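Here the structure is laid out as structure tokens; the discussion comes afterwards.
Residue numbers (the numbering used here): 284 to 743.
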């Protein structure tokens with residue numbers, strides 16, 4: 284939207300619960316459900332850039348725009364909800380001032396904040412339109428009666444379509460105030476769920492510390508807020524504790540007190556809070572959250588093992604001694620989760636290890652696979668013109684003997700020497716040729732003589 288006119292909730296009430304209903308960062312999204320209106324505020328983009336303004340210029344219908352000062356996430360608030368059962372969900376976002384202009388995007392299911400912020404996950408519902416109503420959302424505009432439909436730029440449509448949800452699915456809602464994109468002034472709004480509101484899981488609010496966080500080492504602090512619990516300001520005391528290894532054993536049962544606790548990088552762990560209420564009803568509430576700080580792989584911790592080299596189907600296996608989850612690519616190919624690579628070409632290759640949480644990747648790591656080409660084409664074009672065992676220089680006392688199909692010795696090779704397909708000044712015909720390689724290899728401190736025999740093809 285691009286104009287708002289309606290005052291819905293008094294400022295005194297909003298001030299009372301603002302701490303419980305505001306977060307500008309996706310990773311600390313507030314769990315909500317459909318049993319009551321939610322008063323929120325948008326006040327800046329938080330401690331981290333959920334969308335890098337220099338990289339992510341658009342996500343769904345939300346866009347940075349041509350103004351260099353604009354940013355998708357200025358003056359935003361994040362919420363998250365979980366489906367209790369299958370159903371259909373809508374919501375209304377209503378303006379609580381006459382100056383705010385609210386836009387939104389809904390992400391999910393089966394996504395996380397890292398996928399949202401890097402642009403991998405795109406909104407399933409979105410609105411970024413200018414209009415003259417105080418409402419936007421999913422479903423039907425209660426002020427104008429306009430039915431929602433898929434976003435069309437410039438349509439002045441205030442509502443997107445209702446959202447079908449399935450049991451257990453989790454969705455994130457980003458609410459953004461466009462009008463204060465450049466001044467950072469906070470403004471309030473009211474979020475109200477519609478349609479099958481009983482399809483939303485209200486026990487999700489008991490997880491008031493939010494969903495588990497995956498961050499990168501060096502990221503800004505993660506601030507945990509006990510005021511977001513279902514008891515709100517009914518707090519007599521708060522106690523924080525931590526299990527750093529997440530192994531079921533509390534490492535520090537008296538980590539801190541106070542309604543907020545700040546987790547700094549790289550203090551990975553499962554953090555617990557116990558709130559004693561002032562009213563005694565209920566006497567206590569608890570929650571926990573796992574915060575993982577990930578790091579790019581250290582090259583010294585990456586081990587490449589060549590399995591069964593000098594055979595027809597070379598394999599390598601990658602082992603990383605790191606603190607995160609990784610994916611792997613060789614020779615500029617696609618990344619894969621599997622650490623085993625099949626059919627690795629002989630000769631020099633490269634490996635890249637990428638942190639799956641967006642915390643960086645290694646430089647290209649060269650590695651050598653000792654093996655032989657299955658064919659060569661000595662036609663003078665500079666490609667596959669010569670043949671030898673690739674990586675032979677890494678072997679001990681290696682010699683290669685090439686024979687024709689009748690067992691006639693045609694050439695003896697060593698490191699730095701290739702066969703050009705000639706014998707006694709004549710071009711040898713297209714055919715399969717055989718080779719025998721003799722070399723030595725250390726085994727348990729003893730040099731053992733070995734022999735390899737196989738064949739390759741000369742093509743012209």
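We put the beta carbon where it would ideally sit given N, CA and C, even for glycine. Please read all numbers here as calculations on a predicted model, not as lab measurements.
Counting along the chain, residue 399 sits inside the alpha helix (DSSP H) bounded by residues 396-400. Here the alpha carbons of residue 672 and residue 653 stand approximately 7 angstroms from one another. As computed with DSSP, residue 445 is found in no beta bridge at all.
In the structure shown, residue 488 adopts helical secondary structure according to DSSP, grouped into three states.
For residue 579, the closest of 425, 543, 608, 555 by C-alpha to C-alpha distance is 608.
Nearest C-alpha to residue 453 among 696, 724, 362, 617: 362. In this model, residue 487 and residue 430 are separated by some 30 angstroms (Cα to Cα). Taking a cut-off of 8 angstroms on C-beta distances, the segment 639-649 touches the segment 495-515, as three or more cross pairs fall below it. One thing to note: residue 370 has its Cβ within 8 angstroms of the Cβ of residue 448. The beta carbons of residue 543 and residue 514 sit about 16 angstroms from each other, so the pair does not count as a contact at 8 angstroms.
Apart from the 5 residues on each side of it in sequence, residue 699 sits with its Cβ closer than 8 angstroms to the Cβ of 676 in its chain, given in chain order. Here residue 357 is buried. Its C-beta has 16 or more other C-beta atoms within 10 Å. Taking a C-beta distance under 8 angstroms as the contact criterion, residue 433 and residue 416 do not qualify as a contact pair.
If the five residues before and after residue 439 are omitted, its C-beta is found closer than 8 angstroms to the C-beta atoms of 412, 413, 414, all from its own chain and listed in chain order. Per DSSP, residue 511 has no beta-bridge partner at all.
If you draw a 10 Å sphere on the C-beta of residue 716, you find 16 or more other C-beta atoms in it, and that means buried. Around the beta-carbon of residue 420, 16 or more other beta-carbon atoms lie within 10 Å, marking it buried. Between the C-alpha atoms of residue 457 and residue 636 there is a straight-line separation of about 32 angstroms. Cα atoms of residue 492 and residue 441: separation of roughly 32 angstroms, rounded to the nearest angstrom. Out of 309, 630, 484, the CA that lies nearest to the CA of residue 316 is found in 484. The alpha-carbon separation between residue 692 and residue 741 amounts to approximately 16 angstroms. Residue 325 sits close to residue 460, with the two beta carbons spaced by under 8 angstroms. A residue is called buried once 16 or more other Cβ atoms fall within 10 Å of its Cβ, and residue 308 is buried on that count. Contact check for residue 556 against residue 521 passes: the beta carbons are separated by less than 8 angstroms.
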